[in-house]
Amino acid sequence: MNQFLLCFTILSLVASLGGSLEAQQPMALTLDRAIDMCLSRNWEVKAGLHKVAEAEGGVISARAGFMPTLNLRGSYTRLSEIPSLDMETPILGMQQVPVFGPMGDTIGYTYTLDFVGMEKLGFDMGEEDNYLASVGVTQPIFTWGRTLNGYWLAKHNLNASREDYRKKKQNAVFSVITSFYSVLVGREFLKLTEESYAQVARHAESAARLYREGKASRLDLMRANVARDNMKPQLLKARNSVELAIDGLKLAIGLDAVKQVEIKGELLYEPAEYNFEENLSAATIYRPDLLAAKERKKMASKAFAIAQAGNKPTIVARANYDYKKPYNFKNDWGTDWSATVALSFPIFSGFSTMGESRRAKAQLEQAEVAEGGLKALVELEVKSAYLALKEAEESIKSQKKNIEEAEEAYRIAEEQFENGLLSNIEYLDTQLALSQAKANYVKALGEFNIARAALDRAVGKDY
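Under mature numbering (1 follows the signal peptide of the UniProt record, and there is no 0), read the sequence shown as residues -23 to -1, 1 to 440, first letter to last.
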């Protein structure tokens, strides 16, 4: 029994340790995965999606203006005093009247109907308890374009919101791409710094050996040691730069800062043909902020039309069906209906229509100016990204050749220094030239990939 408990405890500890180690494993992160995670985590992208949903609700609301509205109403009313109609009526009665003979004497009596007085009568004009159930339908017939323009305004707003959402996604993706390549560049710089440190460390050892053999001066030895020690802070700085770049990438993606990641990717140069005119033409078609500006100009145009219709007539049809008690002055249930066609024509509204029209026209003119300015800005952005791409491409080609020459020069310098034919300063200059050429090449690779992403964003490419 004790052996069983011991085995169970050991297995539990092993399982717990395995789960803990698995949880501590860094997450492999490629560029594509980083982009996918960003699009699902970025708060601006999420807010843009909710903005689209809001605009979709606006379209539904605007579409309702074409449809009839149906209202069901019920009420109960208790009257404290019933209205009544009071009136006086004459009282008629039989009255004895004498009958006279030819000689004027009374020969008898007879009875006739005659007015004998007045009587007050009261009629109730309702009941204390009043009930009503009513169904009403209202249908706009003619609104002078208000309803139609309102619907199209909402549609253009939805289109603009969708383009804004595209823009937010493109900006978020570009931020991830920039951060990702910053990590790759930083990682390559770290490798170069480590290589340079290893080179100057070997050189310091060679200088010490040559000094012992009497082939190098003490000054050469001191310079070699100083060069080696000067590389240590640069090595630390390069490591810190990589760590900060990774933290920046996590922030762009939306990952926790404590999350461990392993960046999977290489700095590559993939040449391709890029035409400025074709990219500029594509930007005018696909650029989301330019498309959104066009939609907002249409929105302003519809708002101007709505404002101008503020003093125009409207026609509305209404119908009601009532079930009520009392009905026709009787304490019984009964039904009736009514139908109405109403014309409303605002004659004077304190010049509010004129003010709204002026404001809407000014907003339309602002939208037109904004669209024109944005076109110029888009052209400049496309040109800037295109030139940066071509510049980085040329830099890659030239630096690649420089590396080949610098490596050959460094090999020769190393041989000559070993044989005492080259001074320490000349050797260090050659080593520095090689490090600089490699660093420039890495920098050009990073700038090329970022410039390519910038050009994709400038023309409105989706991911």
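For every residue, glycine included, the Cβ atom is placed at its ideal position computed from N, Cα and C.
My understanding is that residue i touches residue j, with C-beta atoms under 8 Å, so please give their C-beta distance in whole angstroms.
{"i": "L135", "j": "E33", "result": "6 Å"}
{"i": "V318", "j": "A286", "result": "Actually they are not in contact, since the Cβ atoms of V318 and A286 sit about 20 Å apart, beyond 8 Å."}
{"i": "L161", "j": "G423", "result": "7 Å"}
{"i": "Y251", "j": "L432", "result": "7 Å"}
{"i": "G437", "j": "A260", "result": "6 Å"}
{"i": "A414", "j": "A383", "result": "4 Å"}
{"i": "N256", "j": "V359", "result": "5 Å"}
{"i": "L56", "j": "N107", "result": "7 Å"}
{"i": "A178", "j": "A269", "result": "Contact flag wrong, Cβ pair sits at about 57 Å."}
{"i": "P45", "j": "V114", "result": "5 Å"}
{"i": "F157", "j": "A11", "result": "6 Å"}
Which term fits residue i, buried or exposed, when burial requires 16 or more other beta carbons within 10 angstroms of its beta carbon?
{"i": "V219", "result": "buried"}
{"i": "Y88", "result": "exposed"}
{"i": "Q343", "result": "exposed"}
{"i": "Q376", "result": "buried"}
{"i": "K237", "result": "For the sequence presented, residue 237 should be read as Gln rather than Lys. Exposed is the call here."}
{"i": "F166", "result": "buried"}
{"i": "P265", "result": "buried"}
{"i": "E370", "result": "buried"}
{"i": "V203", "result": "exposed"}
{"i": "E(-2)", "result": "At E(-2), the pLDDT of 44 sits below 50, so the modelled position is not reliable and the matter cannot be decided from this model."}
{"i": "V22", "result": "buried"}
{"i": "D197", "result": "buried"}
{"i": "M102", "result": "exposed"}
{"i": "M208", "result": "buried"}
{"i": "R273", "result": "buried"}
{"i": "residue 449", "result": "Given that the chain is displayed from residue -23 to residue 440, the structure contains no residue 449 and the question cannot be resolved."}
{"i": "I37", "result": "exposed"}
{"i": "A435", "result": "buried"}
{"i": "K307", "result": "exposed"}
{"i": "S326", "result": "exposed"}
{"i": "Q408", "result": "buried"}
{"i": "Q176", "result": "buried"}
{"i": "N19", "result": "buried"}
{"i": "L(-13)", "result": "Low per-residue confidence applies at L(-13): pLDDT is 45, beneath 50, and the placement is therefore not dependable, though the value from the model is reported in the following sentence. Exposed, by the Cβ-count rule."}
{"i": "A222", "result": "buried"}
{"i": "A68", "result": "Rather than Ala, the amino acid found at residue 68 in this sequence is Ile. Counting Cβ neighbours within 10 Å, I68 comes out exposed, since fewer than 16 surround it."}
{"i": "R335", "result": "exposed"}
{"i": "S17", "result": "exposed"}
{"i": "A428", "result": "buried"}
{"i": "V153", "result": "buried"}
{"i": "V(-10)", "result": "Residue placement at V(-10) is poorly supported in this model, since its pLDDT is 42, which falls under 50; the coordinates still yield a value, given next. Label assigned to V(-10): exposed."}
{"i": "G78", "result": "exposed"}
{"i": "R164", "result": "buried"}
The beta strand (DSSP E) with residue i in it runs from where to where?
{"i": "F119", "result": "D106 to F119"}
{"i": "D299", "result": "T291 to K302"}
{"i": "G51", "result": "T46 to R55"}
{"i": "S194", "result": "Segment: none, S194 is in no beta strand (DSSP E) and carries neither H nor E."}
{"i": "W314", "result": "G311 to S321"}
{"i": "A249", "result": "Counting along the chain, A249 falls outside any beta strand (DSSP E), and DSSP gives it neither H nor E."}
{"i": "M4", "result": "M4 to L6"}
With distance defined between alpha-carbon atoms, name the residue in the options nearest to residue i.
{"i": "T66", "options": "T89, A175 and E96", "result": "E96"}
{"i": "K192", "options": "A435, Y440 and E395", "result": "E395"}
{"i": "R200", "options": "A269, Y387, A282 and D406", "result": "D406"}
{"i": "S159", "options": "L196, V177 and A229", "result": "A229"}
{"i": "L341", "options": "A5, L351 and M276", "result": "M276"}
{"i": "G35", "options": "A131, Q72, W20 and W121", "result": "A131"}
{"i": "F119", "options": "F43, K307, Q408 and A410", "result": "F43"}
{"i": "C15", "options": "R123, A435, L226 and K374", "result": "L226"}
{"i": "S329", "options": "I283, A365, L409 and E171", "result": "I283"}
{"i": "L213", "options": "M80, R336 and L169", "result": "L169"}
{"i": "L245", "options": "R143, L6, Y418 and A24", "result": "Y418"}
{"i": "D141", "options": "D13, S17, H27 and I402", "result": "H27"}
{"i": "P117", "options": "K352, I292, P75 and P323", "result": "I292"}
{"i": "S194", "options": "L398, A428, A421 and K420", "result": "L398"}
{"i": "Y263", "options": "P290, R164, R143 and K420", "result": "R143"}
Between which two residues does the alpha helix (DSSP H) containing residue i stretch?
{"i": "L245", "result": "No alpha helix (DSSP H) contains L245, which DSSP labels as neither H nor E."}
{"i": "L232", "result": "It is not in any alpha helix (DSSP H) - L232 carries neither H nor E in the DSSP assignment."}
{"i": "S334", "result": "S329 to E395"}
{"i": "A277", "result": "P265 to Q285"}
{"i": "G35", "result": "W20 to R40"}
**OP:** Inspect the CB distances between the region 281 to 299 and the region 313 to 320 and report whether three or more fall short of 8 Å.
**Re:** yes
Original post:
Do the region 69 to 86 and the region 137 to 154 make contact, defined as three or more Cβ pairs closer than 8 Å?
Top reply: No contact exists between the region 69 to 86 and the region 137 to 154.
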